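Student: Submitted below is the structure of interest, expressed as structure tokens.
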Amino acid sequence: STLAGNPACPRPPPRPLCPSALMQFRSWTCALPLLALTVQLCAGSVLRTVSRQEAAATSTSGAWAALAEAEADDRRFWGEQWAGLEATLLELQEATGGLDVKVSNGTSVHAPAKEAVALPGNQTTAAKAAEVKRSSPLADRNVNLNPKSAADLVPALGMLKSLYEDGKERITQLNAREQQSKQRFEEMEKAHQARMATIEERFKNGTLSAEFHANETRDENRLWSYWQRVRERQHRQFHTSLKIQHGTMQKVKTMIDMYEKTIAGKASKADVQSGLAKVAGVVPEVVLLQQAWRADAPFFREALMEARAAGAEIAKSKSRR
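Listed below in structure tokens is the structure:
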């Protein structure tokens, strides 16, 4: 305090650092850049790991989005296919006339009764259902279900030819769709294998922890399992539709041949009997075209039920993560 109050007395010089302290200070000074570099490298490694994890999550999310899009496209395509096939079967079923016919085993085949229509209040009695007006599938075809002459058969022949051409076009679409679905599935399989290889590589080089490795492997396998189920459903829809379509076209083609011969007056009794037996297995004495139609009623009815069941299956499909 005396020195501080006396301006004439100079301050003593600062004490020099001891050699050990000076060396410690210099060591810390040199270590700071290295420490900063280490922190920067660690931060970069963490960021790269996070980026890889985010990229993997984005890839998986994109794969699920592609799956949802594929299912939506399936619902659209198959919905249209089943609606078209159902319309065809309804027309053919209407043309059967709904009467009994004896088949080759001697039993009678009865046309199905009209189904009751659900009415407000949950009332489904046949009496009230009868009040609901239904338009015939053949309303625009002008088909005579009780022909008296060859001229009366012409509209029905036109309908049959139209349905046959529709069937050919539908089969072309089915085959193209199956090829497209198969190709897309193969592409998805390659993408799945690539993602699995990436997961394993990252786990082996230490950029993916054991926990994330287990999670990503589980998610990828779940995604691929769902893709496999989608493909199985696509293939099942294809075969069911193709089977019904081919069976229907075979019936229609035989009826076309019979109609053309009958209209041209070239059908002998033996030809008609043989044709009828080929269509529905009816007894030889049943030779009227109307009875051939009615004999086909079981096929059209069962095909319609199968088509509706397949359509309901695809309508309910929806991806679930």
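Heads up, the sequence shown is in UniProt numbering, so the first residue is 1 and it goes up one at a time. For glycine and all other residues, C-beta sits at the position ideal for the given N, C-alpha and C. No experiment lies behind these values; they were computed from the predicted model shown.
Below 8 Å on the Cβ atoms is my contact criterion, and I expect Thr96 with Phe300 to pass it. Report the Cβ-Cβ distance as a whole number of Å.
Tutor: As a position in the sequence shown, residue 96 is number 96, starting the count at 1. As a position in the sequence shown, residue 300 is number 300, starting the count at 1. 7 Å between Cβ atoms; contact.
Student: Among the residues of its own chain, which have a CB less than 8 Å from the CB of Trp82, if the five just before and after it don't count?
Tutor: Counted from its first residue, the sequence shown places residue 82 at position 82. Closer than 8 Å at the Cβ level, and outside the excluded window around Trp82, lie Ser241, Ala307, Arg308, Ala310, Gly311 and Ile314.
Student: Can you tell me whether Pro137 is helix, strand or coil according to DSSP?
Tutor: Taking the sequence shown and counting its residues from 1, one reaches residue 137 at position 137. Three-state result, Pro137: coil.
Student: Measuring CA to CA, which of Ile244, Leu163, Gly158 and Met188 is closest to Leu174?
Tutor: Counting from one through the sequence shown, the residue named residue 174 turns up at place 174. Out of Ile244, Leu163, Gly158 and Met188, Ile244 has the C-alpha closest to the C-alpha of Leu174.
Student: Do Leu138 and Glu260 have their CB atoms nearer than 8 Å?
Tutor: Locating residue 138 in the sequence shown gives position 138, counting from the first residue. Locating residue 260 in the sequence shown gives position 260, counting from the first residue. Result no, Cβ atoms of Leu138 and Glu260 do not sit closer than 8 Å.
Student: Can you tell which of Ser317, Thr60, Leu67 and Lys316 has its C-alpha closest to the C-alpha of Arg184?
Tutor: The residue given as residue 184 occupies position 184 in the sequence shown. The option with the nearest alpha carbon to Arg184 is Leu67.
Student: Please state the DSSP three-state secondary structure of Asp296.
Tutor: Here the question's residue 296 lines up with position 296 in the sequence shown. Coil at Asp296, not helix or strand.
Student: May I ask you to verify whether the stretch 68 to 88 touches the stretch 199 to 214, counting CB pairs closer than 8 Å and requiring at least 3?
Tutor: Not touching, per the Cβ criterion.
Student: Output yes or no for whether 8 Å exceeds the beta carbon distance between Gln93 and Ala297.
Tutor: Within the sequence shown, numbered from 1, the residue matching residue 93 stands at position 93. Within the sequence shown, numbered from 1, the residue matching residue 297 stands at position 297. Yes, Cβ-Cβ distance for Gln93 and Ala297 is below 8 Å.
Student: On a Cα-Cα basis, can you pick out the residue from Gln234, Met305, Leu289 and Lys266 that is closest to Phe77?
Tutor: Position 77 of the sequence shown holds residue 77. When each option's Cα is compared against that of Phe77, the closest is Gln234.
Student: Just how far apart, CA to CA, sit Met305 and Asp219?
Tutor: Here residue 305 corresponds to residue number 305 of the sequence shown, with the count starting at 1. Here residue 219 corresponds to residue number 219 of the sequence shown, with the count starting at 1. For Met305 and Asp219, the distance between alpha carbons rounds to 38 Å.
Student: Val230 lies in the alpha helix (DSSP H); which residues open and close that run?
Tutor: Along the sequence shown, read from residue 1 onward, the residue named residue 230 stands at position 230. Counting along the chain, the alpha helix (DSSP H) containing Val230 begins and ends at Ala210 to Ala264.
Student: Go ahead and label Leu206 buried or exposed: buried means 16 or more other beta carbons lie within 10 angstroms of its beta carbon, across all protein chains shown.
Tutor: Against the sequence shown, residue 206 aligns to sequence position 206. Note on residue identity: the sequence assigns Gly, not Leu, to residue 206. Gly206 comes out exposed.
Student: Expressed to the nearest angstrom, what Euclidean distance is found between the alpha-carbon atoms of Gly62 and Ala87?
Tutor: Looking up residue 62 in the sequence shown gives position 62. Looking up residue 87 in the sequence shown gives position 87. Taking the straight line joining both Cα atoms gives about 38 Å.
Student: So Asp152 is in the alpha helix (DSSP H); what residue range does that whole segment cover?
Tutor: Against the sequence shown, residue 152 aligns to sequence position 152. Here Asp152 belongs to no alpha helix (DSSP H), and DSSP marks it neither H nor E.
Student: Would you call the stretch 188 to 197 and the stretch 222 to 236 in contact, with 3 or more CB pairs under 8 Å?
Tutor: Because the criterion of three Cβ pairs below 8 Å is met, the stretch 188 to 197 and the stretch 222 to 236 touch.
Student: Using 8 Å for Cβ pairs, my map puts Met255 next to Gly167. What's the rounded Cβ distance?
Tutor: Locating residue 255 in the sequence shown gives position 255, where the first residue counts as 1. Locating residue 167 in the sequence shown gives position 167, where the first residue counts as 1. Not confirmed; about 13 Å, so no contact.
Student: Based on Cα-Cα distance, which residue from Thr217, Leu208, Glu216 and Arg236 lies nearest to Glu178?
Tutor: Here residue 178 refers to the residue found at position 178 of the sequence shown. Checked all of Thr217, Leu208, Glu216 and Arg236; the closest Cα to Glu178 is Arg236.
Student: For residue 322, count the other beta carbons within 10 Å of its own beta carbon; 16 or more makes it buried, fewer makes it exposed. Which is it?
Tutor: Absent from the model: residue 322. The displayed extent of the chain is 1 to 321, so no value can be given.
Student: Give the straight-line distance between the Cα atoms of Glu131 and Met258, rounded to the nearest whole angstrom.
Tutor: For the purposes of this step, residue 131 is identified with residue 131 of the sequence shown, where counting begins at 1. For the purposes of this step, residue 258 is identified with residue 258 of the sequence shown, where counting begins at 1. Confidence in Glu131 is poor, its pLDDT being 42 and thus under 50, which makes the residue's placement too unreliable to answer from.
Student: Does the distance from the CB of Arg141 to the CB of Leu85 come in under 8 Å?
Tutor: Numbered from 1 along the sequence shown, position 141 holds the residue referred to as residue 141. Numbered from 1 along the sequence shown, position 85 holds the residue referred to as residue 85. No, they are not a contact pair.
Student: Would Thr60 pass as a contact of Leu223 if the rule is Cβ separation under 8 Å?
Tutor: Counting from one through the sequence shown, the residue named residue 60 turns up at place 60. Counting from one through the sequence shown, the residue named residue 223 turns up at place 223. Yes, the Cβ-Cβ distance between Thr60 and Leu223 is below 8 Å.
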